[in-house]
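*Asks:* Take this structure first; my questions come after.
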Amino acid sequence: MHNSNQKHQYPFGKTYTNGKAFRLRINSKQICDDLIGRFNITPNKSLTLEPPVLDNEQLIKAFIIGLIDGDGGVNLFKVKGKVNSIEIDLTGTIEVLNWVKNWFDIWVPNNHYKCAKPKQSMNSKAYRYHVAGKRGIELWKILSQVNVPKLKRKWHKPLPYF
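What follows is the structure in structure tokens.
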């Protein structure tokens, strides 16, 4: 893994300092085949990803956490200066977002007559899906309990409030 916030000397003689990001390069054919075969991870995944074929609910939750970390967010909402809601949002293919929506509906059923559905982002091939309010809080609590690494800057924001 390479921390791009540090200066890095490349073989062709140039030195670059990028941002605060990490890049992981995998050179194992077996690992690459597993990422493609088990999780449908392909190049340009935000626009090409298909739902994974998983039957273990903990793996499904872990996969969704990874989607949120990579192409989504956990946001706080304030009313009159007080945080009272969490929004979980994701960007991706319509197939993956409908798959996520299905699991969210199983874990925390939506009792509203009008249920949020994935919608196409303006001027993009990507779609966006989000849940908020009490449902967002409950889903955050469920996903927060899964014992996998998570981006602290996303998942720890609600801790002082809920």
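Quick note, the sequence shown lines up with residues 806 to 967 if you use our numbering.
Glycine included, each C-beta is placed from N, C-alpha and C at the ideal position.
Computed from a prediction, not measured in an experiment: that's the story for all the values here.
(1) Since I believe GLU900 is in contact with PRO856 (beta carbons under 8 Å), could you give me their beta-carbon distance rounded to a whole number of angstroms?
(2) The alpha helix (DSSP H) with ILE865 in it runs from where to where?
(3) Can you list, in chain order, the residues of its chain whose CB lies under 7 Å from that of ILE865, leaving out five sequence neighbours each side?
(4) Could you please give me the residues that DSSP links to THR896 through a beta bridge?
(5) When burial is assigned at 16 or more other CB atoms within 10 Å of the CB, is ILE942 buried or exposed?
(6) In whole angstroms, what is the alpha-carbon distance linking MET806 and PRO965?
(7) For LYS922, which three-state DSSP category applies?
(8) Which residue wins for smallest C-alpha separation from ASN889, given the options LYS939, LYS959 and LYS834?
(9) Would you kindly report the start and end of the unbroken alpha helix (DSSP H) that includes SER949?
*Replies:* The relevant details are as follows:
(1) Between GLU900 and PRO856 the Cβ distance is about 6 Å, and since that is below 8 Å, they are a contact.
(2) In the DSSP assignment, ILE865 falls within the unbroken alpha helix (DSSP H) covering 862-876.
(3) Take ILE865, set aside five residues on each side of it, and the residues of its chain with a beta-carbon closer than 7 Å to its own are LEU859 and TRP908, in chain order.
(4) Answer is ARG933.
(5) Classification for ILE942: buried.
(6) Because the pLDDT of MET806 is 48, which lies under 50, any placement of that residue in the model is unreliable, and the number read from its coordinates should be weighed accordingly. About 32 Å.
(7) For LYS922, the three-state secondary structure derived from DSSP is coil.
(8) Nearest option by C-alpha distance: LYS939.
(9) Taken as a continuous stretch (DSSP letters only), the alpha helix (DSSP H) holding SER949 covers 938-949.
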